[in-house]
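K.L.:
So in full-length UniProt numbering, spot 47 of the sequence shown is number 47, and the numbers just go up one at a time. Glycine included, each C-beta is placed from N, C-alpha and C at the ideal position. Since the structure is predicted, the reported quantities are computational estimates derived from the model, not experimental observations.
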Amino acid sequence: MRDNSGVGATRLLFYQAMEAVKEGKLQVVLAALQSNPVPVSLLYTCHDLLPLKIRGFLDFAVLQLRERVAIGKRDF
């Protein structure tokens, strides 16, 4: 990630920004206005009938989200 000083402000999910915040590349502003965690759902039809590409994506997404949420814990 490049130097983002002075670029502006945005709203991100904590797991999207946590690495850059920990590295000092991004800064949390308006921390008092952070929203509460929201559950994520991946919906699909019968698991046996899914194309392999979709099944692979779902398996990947679940692992990535679990890992990022587990290490995120909003410690910034």
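Would you mind giving the Cβ-Cβ distance between residue 29 and residue 9, rounded to the nearest angstrom? I have them listed as a contact below 8 Å.
P.N.:
The Cβ separation is near 6 Å, so the contact holds.
K.L.:
Let me know the secondary structure DSSP gives residue 16 once reduced to three states.
P.N.:
helix
K.L.:
If you reduce the DSSP assignment to three classes, tell me which class residue 11 lands in.
P.N.:
coil
K.L.:
Which of helix, strand or coil does DSSP assign to residue 56?
P.N.:
Secondary structure of residue 56 (DSSP, three-state): helix.
K.L.:
By how many angstroms is the C-alpha of residue 39 removed from the C-alpha of residue 57?
P.N.:
19 Å
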